[in-house]
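Input: a single structure, listed below in structure tokens.
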Amino acid sequence: MTPDLTPVQRLALSRARLAQALRDPTWLLLLQRLLEDKARP
22 MTPDLTPVQR
32 LALSRARLAQ
42 ALRDPTWLLL
52 LQRLLEDKAR
62 P
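Under the numbering used here, residues 22 to 62 are what the sequence shown spells out, in order.
What follows is the structure, given as structure tokens:
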């Protein structure tokens, strides 16, 4: 990240990145696969 951001700006940026990541369904598919693999004996 850019060092000249204030802590509040860094927090806002982190939240925006997290929100963007949560809108991306790819991580859901990966998580679902992982859980299915763990459920198998």
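Think of the CB as a built atom: it goes at the ideal place given N, C-alpha and C, for glycine as much as any other residue. Because the structure is a prediction, the values reported are computed rather than measured.
Look at residue i and residue j and say whether their C-beta atoms are less than 8 angstroms apart.
i	j	result
Leu34	Leu43	no
Have a look at residue i and residue j and give me their C-alpha separation to the nearest angstrom.
i	j	result
Ala40	Pro46	12 angstroms
Trp48	Arg61	20 angstroms
Lys59	Pro28	39 angstroms
Gln53	Arg38	22 angstroms
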